[in-house]
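2 protein chains.
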Amino acid sequence: MSRAVFDSSEYQRRIDRTKEKMAERELDALFVSDPANMNYLTGYDGWSFYVHQGVIVTQDRDEPVWVGREMDANGARATTRLDEADIRPYSDDHVQSPVDLHPMDFVAGVLEDLGVSDGRIGLEMDAYYFTAKSYTRLRKNLPEAEFEDTTLLVNWVRIKKSEQELDYMRQAARISENAMQAGLDTIEEGVPEYEAAEAIYSALIDGTEEYGGDYPSIVPLMPSGDHTGTPHLTWTDRPFRDGDPVIIELSGCRHRYHSPLARTTFVGDPPEEIRETAEIVIEGMEAAMDAAEPGVTAETVEKAWRDTIAKYDVEKEDRIGYSMGLGYPPDWGEHTASLRPGDETVLEENMTFHTIPGLWFDDFGVELSETFRVTSSGAEPLADFPRKLFTT
Amino acid sequence: MSRAVFDSSEYQRRIDRTKEKMAERELDALFVSDPANMNYLTGYDGWSFYVHQGVIVTQDRDEPVWVGREMDANGARATTRLDEADIRPYSDDHVQSPVDLHPMDFVAGVLEDLGVSDGRIGLEMDAYYFTAKSYTRLRKNLPEAEFEDTTLLVNWVRIKKSEQELDYMRQAARISENAMQAGLDTIEEGVPEYEAAEAIYSALIDGTEEYGGDYPSIVPLMPSGDHTGTPHLTWTDRPFRDGDPVIIELSGCRHRYHSPLARTTFVGDPPEEIRETAEIVIEGMEAAMDAAEPGVTAETVEKAWRDTIAKYDVEKEDRIGYSMGLGYPPDWGEHTASLRPGDETVLEENMTFHTIPGLWFDDFGVELSETFRVTSSGAEPLADFPRKLFTT
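Going down the list, the sequences are from chains A and B.
Its first residue numbered 1, the first sequence is counted upward by one per residue in the numbering used here.
Its first residue numbered 1001, the second sequence is counted upward by one per residue in the numbering used here.
Written out as structure tokens, the structure reads:
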């Protein structure tokens, strides 16, 4: 019984769109190893990306072919609608083999079997989990093939969301709201950071009254005190102290779709400087969202932020957001459009962005974020959570 | 202020040992991108492996050099003892750049600056996060360099644990015990899978009375019912049903050190067949641990398991365990020694293994595991948790 979470027709549209992009680049086949792209094209879902795996799309076949470890073939049967013949598992002696045997040797055999070993094959050269060794082994095994770098080909198909995808992202947003509230309720002077992490994680998986939550692609991050300028440190046993700013960044997840949310709280009574900074960040973020609509470019959205903070004599030229949705660890971002100077991606309806601007000074930082959908005429934030500097 | 969790002397020993292995292979430099190896050599810790980063070890310098994204340089300052000059951040326009700019262009510049651009440079060709593109960019930027595949060089240094590492693994084992109990206490007929996941995660981060827990490198897995033969599916909204076997695999984590633990429970009254299977798995696993001691090979340990199950006319030739400890998503395994036929690694004191044998039949599976340390004369399980088939 398939646990696939979309209709067949939705997968079909995704595959068709992928094949169009393959045709534009005259590709005979595409080897997809980004787990999010594998899921997008087939529904495949499982914590198996720690071994080599992938999905092959060829121009002359209707369905993709899944390749992975033997013990994960049942997972492919459970989560995809692929025919048995399109599930091609490799034996366990390929896994971390002490002899000269690599899963890509098997993948090369499948590509041969599919009749594309002398064709033009797209590889996601810069995707997570597609290692340098994977590449050199495929080259060695398929000397007649012509390889092309197709790193973001499927990611660019993913950028516009369907109604069903948006539903899952909205479900994730409900979870994000609950988890943010749980974190804010827990943080106070003397409470160790891990207790806040526990409260947030618990809410992320508990989900809502109607449904549970998946594991997010990034763990909850909550840099505090001196470390608000150190965005990717994870929690420790250190207790929060009076005078600590704490930035909470988290995301609910539903069927691998995310809706990230960030807020800043302050342990104790925040100095005026921090209050004012929070006001500027909120005004700038809202200006950015006001600027978003179909037809404008990603860099235009960022510019609205930059123009706003310039009024307060603050200058900062950073990426303030990115396209996102479906994801696996280590990231929920799609790596396509960014809200930053120089990005000329034209916004279209049903693209989704996480905008996360922040301002950092010597000893503190303030950050807030929203995940929004581009509507026919503007931007719709997916979460409904107060935009302000919180205090404990 | 450094959050480094080991003495300087411990890092020094690790670097010295790494340099010895480099010398054996006549390497001038090593570029380490596996986050666990980066942490092992420098203490660097952060959820930043979703962008390109690494640590460079050269034969003629005492300290490694950290290379990463600008916003993570503060994380390097906070978690390592590296000199400011040895923290080399690249600017943010390298991140997911729409133009032809890649973080490895910057890394190549650092390697040049360190005087090794025409030397022999080791690359972890098959490590997580070292992409095909990373390799082709380094080659293009450093045409005079000679590249060697050093995928597991540091991992093999990691295989023998220090007393401090073992302390952290024992702390992780205490967390694993608590989390396993929380999972077993939650699972019963009608409870959705995500509620058990929530109880487990909550216990994993709550840790113990004395300390909290880190995020584990693999999320708690609990295949149930028909899916006990599908080990890497994650939880859903599905309620547990009477007659479901449920396999729980989890690990506490402390300062990135793990101590995984697996048990099987049964919803309702287990059939005799499952009880008997559990007895066989336990007897076989204990035979394997009894066989472990310095001087024996990894495959000998596996053979003790296989000989035991053969008494019951069960045949199975699989990997039943692997060396592990320090880790980041997606894996806590070290990818070095495996307990499987053909692996001739000779066990030494203070190596640590996760042995996770299981038996699967058409409609159910039973799995149990222990993490053990090789002592001077045997094997010491790190967790203290009853070995039996649990019931709800």
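Where is the CB? At the ideal position from N, CA and C, for every residue including glycine.
Classification of residue i by the beta-carbon crowding that lies within 10 angstroms, buried from 16 upward
| i | result |
| --- | --- |
| A/K140 | exposed |
| A/S9 | exposed |
| B/R1311 | Position check: residue 1311 of chain B holds Lys in this sequence, whereas Arg was assumed. It counts as exposed. |
| B/G1115 | exposed |
| A/P381 | buried |
| A/E163 | exposed |
| B/V1099 | exposed |
| B/G1284 | buried |
| B/R1025 | exposed |
| A/R137 | buried |
| B/A1023 | exposed |
| B/G1325 | buried |
| A/D423 | For residue 423 of chain A there is no data in the structure shown, the boundaries of chain A being 1 and 392. |
| B/M1001 | With a pLDDT of 41 at B/M1001, under the threshold of 50, the modelled position of this residue cannot be trusted, and the question is left open. |
| B/D1384 | exposed |
| A/G190 | exposed |
Contact belief for residue i with residue j at Cβ below 8 angstroms, rounded distance in angstroms
| i | j | result |
| --- | --- | --- |
| A/T371 | A/P260 | 6 angstroms |
| A/E27 | A/I175 | One detail in the question is off: residue 27 of chain A reads as Leu in this sequence, not Glu. That belief does not hold up - the Cβ atoms of A/L27 and A/I175 are roughly 38 angstroms apart, past 8 angstroms. |
| B/S1033 | B/G1054 | 4 angstroms |
| B/A1004 | B/R1081 | 6 angstroms |
| B/G1358 | B/A1292 | Going by Cβ atoms, the distance from B/G1358 to B/A1292 rounds to 18 angstroms, so no, they are not a contact pair. |
| B/T1131 | A/F130 | 6 angstroms |
| B/M1125 | B/H1052 | Not quite, the Cβ-Cβ distance comes to about 15 angstroms (not below 8 angstroms), so this is no contact. |
| B/E1063 | B/D1083 | 7 angstroms |
| B/A1271 | A/P329 | What sits at residue 1271 of chain B in the sequence shown is Pro, not Ala. Contact doesn't hold; Cβ gap of about 37 angstroms is too wide. |
| A/K161 | A/T375 | Their Cβ separation, rounded to whole angstroms, is 12 angstroms, which puts A/K161 and A/T375 out of contact at 8 angstroms. |
| B/L1166 | B/R1373 | 6 angstroms |
Which listed residue (the options) has its alpha carbon closest to that of residue i
| i | options | result |
| --- | --- | --- |
| A/G342 | A/H102, A/I87, A/E299 and A/L359 | A/E299 |
| A/A203 | A/S217, A/Y194, A/G183 and A/I218 | A/G183 |
| A/H232 | B/E1193, B/S1176 and B/G1075 | B/G1075 |
| A/T391 | A/T345, A/S251, A/V246 and A/Y129 | A/V246 |
| A/K21 | A/R81, A/N155, A/V116 and A/L368 | A/N155 |
| A/H354 | A/Y211, A/T345 and A/E334 | A/E334 |
| A/H227 | A/E367, A/E177, A/D93 and A/R373 | A/E367 |
| B/L1152 | B/L1030, B/S1009 and B/E1315 | B/L1030 |
| B/R1158 | B/F1385, B/V1346 and B/T1336 | B/T1336 |
| A/S217 | A/L250, A/R241 and A/S97 | A/L250 |
| B/Y1168 | B/G1213, B/E1302, B/E1272 and B/A1199 | B/G1213 |
| B/R1254 | B/E1283, B/V1301, B/P1294 and B/W1332 | B/W1332 |
| B/E1112 | B/E1084, B/V1296 and B/E1144 | B/E1144 |
| A/D237 | B/V1267, B/D1206 and B/T1264 | B/D1206 |
| B/E1210 | A/E195, A/T79, A/A287 and A/Y44 | A/E195 |
| A/K303 | A/M324, A/D269, A/S338 and A/I15 | A/S338 |
| A/E279 | A/P386, A/H102 and A/P35 | A/P386 |
| A/Y128 | B/F1361, B/I1248, B/L1389 and B/Q1096 | B/Q1096 |
| B/F1361 | B/T1345, B/V1314 and B/E1348 | B/V1314 |
| A/F418 | A/E273, A/F106, A/D93 and A/A288 | Residue 418 of chain A falls outside the range modelled here, since chain A spans only 1 to 392, and no answer is possible. |
C-beta neighbour in chain D for residue i, strict 7 angstroms
| i | result |
| --- | --- |
| B/E1380 | Judged by its chain identifiers, the structure shown contains no chain D, and its protein chains are A and B. |
Beta-bridge partners of residue i, as assigned by DSSP
| i | result |
| --- | --- |
| B/V1366 | B/L1359 |
| A/S251 | A/P260 |
| A/K160 | A/M351 |
| B/L1382 | Bridge partners of B/L1382: none, in fact. |
| A/V246 | A/S224 and A/T265 |
| A/D331 | A/Y328 |
| A/I320 | In DSSP, A/I320 forms no bridge with anything. |
| B/R952 | Only positions 1001 to 1392 of chain B appear in this structure, which leaves residue 952 of chain B out of reach. |
| B/F1147 | B/I1121 |
| B/P1239 | B/P1192 |
| A/G461 | Examination of residue 461 of chain A is not possible in this model, given that chain A is present from 1 through 392 alone. |
| A/T297 | A/V346 |
| A/S338 | A/Y322 |
Interfacial residues, the region 318-338 of chain A to chain B, with Cβ spacing under 7 angstroms: Within the region 318-338 of chain A, the residues whose Cβ lies closer than 7 angstroms to any Cβ of chain B are, in chain order, D318, R319, P329, P330, D331, H335 and S338.
Residues of the region 1128-1151 of chain B with Cβ closer than 8 angstroms to any Cβ of chain A, in chain order: Listed in sequence order: Y1128, Y1129, F1130, T1131, A1132, K1133, S1134, Y1135, T1136, D1149 and T1151.
Residues from the region 219-233 of chain A in contact with chain B, defined by Cβ distance under 7 angstroms: Listed in sequence order: V219, L221, H227, G229, T230, P231, H232 and L233.
Where the region 163-187 of chain A meets chain B: residues whose CB sits under 7 angstroms from a CB there: From the region 163-187 of chain A, no residue has a Cβ closer than 7 angstroms to chain B.
Members of the region 1292-1315 of chain B that neighbour chain A once the beta carbon cut-off is set at 7 angstroms: Here the close residues number zero.
Where the region 31-49 of chain A meets chain B: residues whose CB sits under 7 angstroms from a CB there: So the close ones are G46, W47, S48 and F49.
Residues from the region 194-209 of chain A in contact with chain B, defined by Cβ distance under 8 angstroms: Result list: Y194, E195, A197, E198, Y201, S202, I205, D206 and G207.
Chain B contacts from the region 56-82 of chain A (Cβ-Cβ distance under 7 angstroms): Flagged, chain order: M71, D72, N74, G75 and A78.
The region 113-126 of chain A: positions lying closer than 7 angstroms to chain B by Cβ: If the cut-off is 7 angstroms between Cβ atoms, the region 113-126 of chain A has L123, M125 and D126 near chain B.
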